[in-house]
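Shown next, in C-alpha cells, is the structure this report addresses.
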Amino acid sequence: MINATEPLSIEECAAQLEKEHKFTPIPHDLDQTQKLRMLDSKVYETWDPALFNERSRGRDIVKVYNETSQNSPEELLKRQALLHLLVRGQMGPGCYIEPPFRCDYGNNITMGKGVYMNFNCVILDCSHVTIGDNTFLASNVQIFGAAHPVNPLLRSKGVEYGMPVHIGKDVWIGGGSIICPGVTVGDGVTIGAGSVVTKNVPPYTVIAGSPAKIIKVLSKEECEKEDREYEELKALGKAFEDWTPSPKGTLPFPSK
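Under full-length UniProt numbering, the sequence shown has 72 at position 72, and the numbering climbs by one with no breaks.
As C-alpha cells, then:
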C-alpha cells in the first residue's frame with residue numbers, strides 16, 4: 001500500500017511497489033541467446049527459461065495494474081508506476097492505459113508522450129513495439145508482434161518468431177482493429193474500427209477493412225491549416241460551435 005507523507009515520484013513509487021508485490025525478478029545469469037534471437041526476428045524457442053522468466057514478470061505487473069482503480073491520486077500514481085515498471089521506463093509523459101490490458105512481456109514496448117489505450121487492448125510484444133506521441137488505441141485493439149511457422153510440425157514444437165511493429169505519432173486506431181506482425185503505420189493515420197492491417201500504411205491516410213485498404217488520403221498542409229483555424233476559434237470561445245458529426249448512410253439492399 002502506498003502511504004507517504006510527501007508525494008512520491010513515479011520512480012520512488014515503482015521501487016515501493018516492486019518491494020511490496022515481490023514481482024518475478026530478472027536474473028542476470030540466464031542465457032540471453034533466445035531473447036536476442038527473438039528481438040532480431042529470428043526463430044527462437046518459446047519456453048526458454050530467460051523468456052519464461054520475463055513473461056512471468058510482465059504478467060505479475062499487469063495483474064496488479066488491472067486491479068487498480070482511478071478513485072484517488074494515489075491509485076493513479078500507482079498505475080503510472082506500474083506502467084513504468086512494465087515498460088522499464090520506455091514511455092513519455094501523459095501515457096494512460098485503461099484496464100484491463102494484456103501483453104506478453106511489456107519490456108519490449110516503447111510509448112511516446114500522450115499515448116492512450118482504451119479497455120481490453122492487447123500487445124504481443126515478442127518483438128519491439130513502438131507507439132508514437134499522441135496516438136490513441138480504441139477498445140479491443142490488438143497489436144501482434146508474434147508469429148508462428150506455417151508448417152504445423154514446426155509450430156507444434158513451440159517454435160515461433162517475432163516481427164517489430166511501429167505505430168507513428170498522431171495515429172487513431174479504431175475499436176477491434178488488428179495490427180499484424182511487421183507492420184509500420186505512418187504518422188497521422190486513422191484506422192477504421194474492425195480493420196485488419198496486414199501491410200505498411202503511408203502517413204496521413206484513412207484506412208479500413210479486412211484486409212485494410214486506403215479509403216482516403218489526407219493533406220498534411222490542410223490538417224495543419226485546420227488546426228491553426230481551430231486554435232484561433234478556440235481563443236474566441238467559438239471552436240466547433242456549429243460542428244456536428246456527419247450522419248451515417250443506410251446500407252442498400254442487394255440488387256436482385
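Beta carbons are placed, not taken as given, at the ideal position from N, Cα and C, and that holds for glycine.
Beta-ladder partner(s) of residue i, from DSSP
| i | result |
| --- | --- |
| LYS199 | Per DSSP, none; premise fails for LYS199. |
| THR110 | THR130 |
| LEU137 | MET117, ILE173 |
| VAL122 | ARG102, GLN142 |
| GLU45 | VAL159 |
Same chain only: Cβ atoms within 7 Å of residue i, ignoring 5 sequence neighbours per side
| i | result |
| --- | --- |
| GLU54 | ILE26, TYR105, ASN107 |
| GLN34 | TYR44, GLU45, ASP48, ALA50, LEU51 |
| GLU18 | LEU85 |
| SER195 | GLY174, SER177, ILE207, ALA208, GLY209, SER210, ALA212 |
Closest by C-alpha distance to residue i, when choosing among the options
| i | options | result |
| --- | --- | --- |
| GLU12 | VAL150, GLN80, VAL87 | GLN80 |
| GLY186 | GLY237, SER127, LYS220, GLU20 | LYS220 |
| GLY176 | GLN142, ALA147, GLU160 | GLN142 |
| PRO202 | SER56, ALA146, ALA193, VAL183 | VAL183 |
| VAL115 | LYS169, LYS213, GLY192 | LYS169 |
| VAL64 | GLU232, ILE191, ALA14 | ALA14 |
| LEU39 | LEU17, GLY89, GLU75, GLY162 | GLY162 |
| ILE10 | HIS21, LEU236, LYS22, ARG88 | ARG88 |
DSSP-derived helix/strand/coil call for residue i
| i | result |
| --- | --- |
| THR33 | helix |
| GLN142 | strand |
| ALA208 | strand |
| ILE26 | coil |
| GLU98 | coil |
| GLY237 | coil |
| ALA193 | coil |
| MET163 | coil |
| VAL150 | coil |
Other residues of its chain near residue i: CB distance less than 6 Å, five sequence neighbours each side excluded
| i | result |
| --- | --- |
| TRP47 | GLY158 |
| GLU229 | none |
| PRO164 | SER127, HIS128 |
| LYS113 | GLY92, PRO93, GLY94, ASP133 |
| THR130 | THR110, HIS166 |
| GLY188 | ASP170, PRO203, TYR204 |
| GLU231 | none |
Cβ shell of residue i (< 8 Å), same chain only, five flanking positions each side left out
| i | result |
| --- | --- |
| PHE119 | GLU98, PRO99, PRO100, SER139, ASN140 |
| CYS103 | GLY58, VAL62, LEU86, ILE109, VAL122, ILE123, LEU124, ASP125 |
| LYS42 | TYR161 |
Whole-angstrom C-beta distance between residue j and residue i, which should lie under 8 Å
| i | j | result |
| --- | --- | --- |
| ILE179 | PHE144 | 7 Å |
| LEU218 | ILE173 | With a Cβ gap of about 16 Å, LEU218 and ILE173 do not count as contacting. |
| ARG155 | HIS148 | 5 Å |
| LEU76 | GLN70 | 6 Å |
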